[in-house]
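Numbering (my numbering), first residue to last: 71 to 397. Here is the structure we will look at, set down as structure tokens.
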Amino acid sequence: MSAPRIGLLLVNLGTPKGSDYWSVRRFLREFLSDRRVVDLPPLLWRPILEAFVLTFRPRRSARAYRSVWNVERDEGPLKTITRAQAEKLAPRIDGVVVDFAMRYAGPSIGDEIDALRAEGCERILLFPLYPQYAASTTASVVDEAARALARLREQPTLRIVPPFYDDAAYIDALADSTRAQLAALDFTPEVLIASFHGLPQAQIDRGDPYRRHCEATHDLLRAKLGMSSEHLRLAFQSRFGRTQWTGPYTANVLQELAQSGVKRVAVLTPGFVADCLETLEEIGVELRHSFLAAGGEKFARLDCLNDSEDGLRALETIARRELSGWV
71 MSAPRIGLLL
81 VNLGTPKGSD
91 YWSVRRFLRE
101 FLSDRRVVDL
111 PPLLWRPILE
121 AFVLTFRPRR
131 SARAYRSVWN
141 VERDEGPLKT
151 ITRAQAEKLA
161 PRIDGVVVDF
171 AMRYAGPSIG
181 DEIDALRAEG
191 CERILLFPLY
201 PQYAASTTAS
211 VVDEAARALA
221 RLREQPTLRI
231 VPPFYDDAAY
241 IDALADSTRA
251 QLAALDFTPE
261 VLIASFHGLP
271 QAQIDRGDPY
281 RRHCEATHDL
291 LRAKLGMSSE
301 HLRLAFQSRF
311 GRTQWTGPYT
321 ANVLQELAQS
331 GVKRVAVLTP
341 GFVADCLETL
351 EEIGVELRHS
361 FLAAGGEKFA
371 RLDCLNDSED
381 GLRALETIAR
391 RELSGWV
């Protein structure tokens with residue numbers, strides 16, 4: 071009788087199934103209906119979501135998605151990159167079946183757990199690809215995995231990779247990637263900005279450790295690169311709505327830098343292990359335009375680790391440690 075197989079399931083946020091209005095609308099409805107993402111009372115949030123957000127936002131988001139869409143595969147870049155990470159990680163870890171899932175819009179966590187079980191996997195390591203913990207990201211993945219297991223008579227044993235915001239393997243990969251990308255630029259940035267996705271301040275005030283994790287990643291990366299806090303700045307992008315979010319806001323920081331005479335900047339996004347709409351379009355297009363319009367002259371968006379050797383080495387190191395005793 072052959073030994074039970076081990077599964078490794080990489081999980082990222084997700085992408086619409088198409089770049090048209092209705093596909094984006096369906097994606098946003100699923101995403102913004104998650105109580106972990108928007109924790110307002112449903113009776114208050116649902117009318118706002120249906121009457122306003124899902125009426126106006128999908129059109130703008132669809133235009134943005136089309137600008138970064140992988141036409142060849144007909145999918146968003148986040149899905150393309152996460153698949154590549156799984157495919158390239160598989161031969162690096164013998165005896166482990168590696169697959170990927172998306173929290174929203176598919177391939178679903180439940181379906182991929184079923185696929186791993188069909189491959190004979192009785193033990194599965196769930197790897198949420200969020201370096202910094204937030205209830206709206208990591209906890210939502212765990213919730214969905216629990217719902218998938220709840221419908222099974224015979225459940226696989228599940229382990230979950232903890233947040234890796236301060237993991238030496240991740241910090242080293244970020245530092246190596248940042249150095250290489252800076253060296254390849256045709257200019258020397260006066261200021262680097264480590265921009266993380268923002269969260270409503272109310273969620274932080276209720277105990278979410280996300281900001282503390284982002285600050286730790288920033289501080290460790292800054293020390294590894296030998297930079298001062300003025301040279302590597304901390305900021306947060308993607309504010310939504312009128313409530314206060316974690317700051318300082320990346321858009322404001324770039325505006326202030328341009329107005330103060332800073333002409334050359336680069337932005338890196340150490341809260342993401344794979345490029346997505348937010349990094350490619352919001353930072354690479356929108357914020358670039360606003361910085362140059364405010365008087366800046368040179369702007370660079372640094373790639374996430376993606377499926378680079380630096381990134382794969384970090385994911386492998388973390389996965390091997392959490393698989394200890396299983397393989």
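Cβ coordinates follow ideal geometry from the N, Cα and C atoms, glycine included. Everything numeric in this text was worked out from a predicted model, so none of it was measured.
What first and last residue would you give for the beta strand (DSSP E) that runs through residue i?
i, result
"Glu192", "Cys191 to Pro198"
"Arg229", "Thr227 to Ile230"
"Gln307", "Leu302 to Gln307"
"Ala132", "No beta strand (DSSP E) holds Ala132; the alpha helix (DSSP H) holding it covers Leu124 to Val138."
"Leu262", "Val261 to His267"
"Leu338", "Arg334 to Leu338"
Of the choices the options, whose alpha-carbon is the least far from that of residue i?
i, options, result
"Arg312", "Pro270, Leu290 and Phe342", "Pro270"
"Glu51", "Phe369, Asp237 and Thr349", "The question about residue 51 has no answer, for the chain in this structure spans 71 to 397."
"Ser394", "Ala305, Ala336, Ile194 and Ala209", "Ile194"
"Trp139", "Glu351, Arg390, Asp380 and His359", "Glu351"
"Leu244", "Ser378, Phe126, Asn322 and Gln225", "Ser378"
"Leu222", "Leu199, Arg187 and Ser247", "Arg187"
"Glu145", "Arg105, Ser93, Val166 and Ala185", "Ser93"
"Gln202", "Ile274, Ile118, Val108 and Thr287", "Thr287"
"Pro117", "Arg129, Val107 and Arg99", "Arg99"
"Ala336", "Phe122, Arg390 and Ala253", "Ala253"
"Leu347", "Gly84, Arg75, Leu79 and Gly77", "Gly84"
"Leu196", "Gly190, Val167, Phe126 and Ala204", "Val167"
"Arg276", "Lys149, Ala204, Cys191 and Glu367", "Ala204"
"Glu285", "Gln273, Val107, Ala238 and Ala264", "Ala264"
"Gln225", "Asp278, Arg303, Asp184 and Leu302", "Asp184"
"Gly190", "Val323, Pro74, Arg391 and Gly365", "Pro74"
"Ala389", "Asp104, Arg106, Asp169 and Pro147", "Asp169"
"Asp242", "Val107, Ile76 and Leu375", "Leu375"
"Leu219", "Glu192, Ala239 and Trp396", "Glu192"
"Arg255", "Pro161, Leu362 and Arg371", "In the sequence as displayed, the identity of residue 255 is Leu instead of Arg. Nearest of Pro161, Leu362 and Arg371 to Leu255, Cα basis: Arg371."
"Lys333", "Leu324, Pro340 and Thr339", "Leu324"
"Gly78", "Arg105, Pro198, Val108 and Leu119", "In the sequence as displayed, the identity of residue 78 is Leu instead of Gly. Measuring from the Cα of Leu78, the nearest candidate turns out to be Pro198."
Helix, strand or coil for residue i per DSSP?
i, result
"Ile163", "coil"
"Met71", "Since pLDDT at Met71 reaches only 47, below the 50 mark, its modelled position is unreliable, and the value read off the structure follows with that caveat. Three-state result, Met71: coil."
"Ser38", "Nothing can be reported for residue 38, as the shown portion of the chain is limited to 71 through 397."
"Arg249", "helix"
"Ala328", "helix"
"Lys368", "strand"
"Asp184", "helix"
"Phe234", "coil"
"Glu142", "coil"
"Gly395", "coil"
"Phe97", "helix"
"Val323", "helix"
"Gly77", "strand"
"Leu255", "coil"
"Tyr240", "helix"
"Val147", "The amino acid occupying residue 147 in the given sequence is Pro; Val does not appear at that position. Pro147 falls in the helix class under three-state DSSP."
"Val355", "helix"
"Tyr91", "helix"
"Arg173", "strand"
Applying the criterion that 16 or more other CB atoms from any shown protein chain within 10 Å of the CB defines a buried residue, is residue i buried or exposed?
i, result
"Phe342", "buried"
"Gly88", "buried"
"Asp141", "Here residue 141 is Val; the residue named in the question, Asp, does not match the sequence. Under this definition Val141 is an exposed residue."
"Gly165", "exposed"
"Gln307", "buried"
"Met71", "Low confidence applies to Met71: its pLDDT is 47, below 50, so where it sits in the model is not reliable, and the reading given next is rough at best. Met71 comes out exposed."
"His283", "buried"
"Gln314", "exposed"
"Asp345", "buried"
"Arg309", "buried"
"Phe361", "buried"
"Pro112", "exposed"
Between which two residues does the alpha helix (DSSP H) containing residue i stretch?
i, result
"Val211", "Ser210 to Ala220"
"Ile118", "Pro112 to Ile118"
"Arg282", "Tyr280 to Leu295"
"Arg358", "Arg358 to Ala363"
"Ile274", "Gln271 to Asp275"
Taking contact to mean 3 or more Cβ pairs, one atom from each stretch, closer than 8 Å, check whether the stretch 324–332 and the stretch 291–298 are in contact.
no
Using a Cβ distance threshold of 8 Å, determine whether the stretch 352–363 contacts the stretch 378–388, with at least three qualifying pairs required.
No, the stretch 352–363 does not touch the stretch 378–388.
Pairing CB atoms from the stretch 227–247 with CB atoms from the stretch 202–219, are three or more of them under 8 Å?
yes
Under 8 Å: do the stretch 121–135 and the stretch 154–165 share three or more Cβ pairs, one atom per stretch?
no
Would you call the stretch 174–185 and the stretch 212–222 in contact, with 3 or more CB pairs under 8 Å?
yes
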